[in-house]
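In my numbering, the protein residues as written are 161 to 322.
We put the CB at the ideal spot given by N, CA and C, even for glycine.
Comments concern the structure below.
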Amino acid sequence: MKFSRTRAGLIVVSVLIFLQTAFVQAADSPLDLSQYKGKAVYLDFWASWCVPCKKSFPWMQKMQRKYRDQGLQIVAVNLDEVPADADQFLSQFPSINFEIVRDPEGRLASQYSLVGMPTALLFDASGKQVGRHVGFKKQKTGEYEDNIKALLTSVVASKVSK
């Protein structure tokens, strides 16, 4: 069989799509934070039309890479009603290393009383919400990271005290 750039390209695209969707949870399966018990959870709500959301994704990828081994789990909840809109947004970030949950009906957004986009909620190892920030500004990423580090410190402390 002769090498085909088209066929090779299709294989690469197929693998990238698979890797990208490997972290996507079905829209109709509710998010159960208890599955992350013992971890620090950064729960981020986003939508494809949200400009600050687009800016936050590279930063969240960096944080997940940097702190995964210390117990951080980033979960990004998409609120787009049309899955194709979210898929197009996600195609700009081929190396997503955190979980994506789809919430097209906004149930989770209502549950956590969101007032703006993006909104990030922080949960400790027991699943208790311990922080929140609305919006995303690059000049505040140091503050956001400090919140994550403090949360990870509390997670480690809770494990030591047991």
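In the DSSP output, what is Q289 paired with across the bridge?
F283
Buried or exposed: where does K297 fall if 16 or more other Cβ atoms within 10 Å of its Cβ makes it buried?
exposed
Whether L311 touches L268 by CB criterion (8 angstroms):
no
Give every residue of the same chain whose Cβ lies closer than 6 angstroms to the Cβ of Q221, excluding the five residues on either side of it in the sequence, and list them in chain order.
N257
Measure how close the beta-carbons of A280 and R262 come, nearest whole angstrom, since I'm counting them as under 8 angstroms.
Contact flag wrong, Cβ pair sits at about 17 angstroms.
Let me know the alpha helix (DSSP H) ranges lying completely inside the stretch 192–239, each 4 residues or longer, listed in chain order.
211–227
Less than 8 angstroms separating the beta-carbons of F217 and L274?
no
Residue burial classification, T313 (beta-carbon count within 10 angstroms, cutoff 16)
exposed
Paired residues, beta bridge with V315 - DSSP:
According to DSSP, which records beta bridges pairwise, V315 is partnered with nothing at all.
So for E241, helix, strand or coil by DSSP?
coil
Is it right to say P278 is buried, meaning 16 or more other beta carbons lie within 10 angstroms of its own, or is it exposed?
buried
Would you tell me roughly how many angstroms separate the C-alpha atoms of S251 and A200, rounded to the nearest one?
27 angstroms
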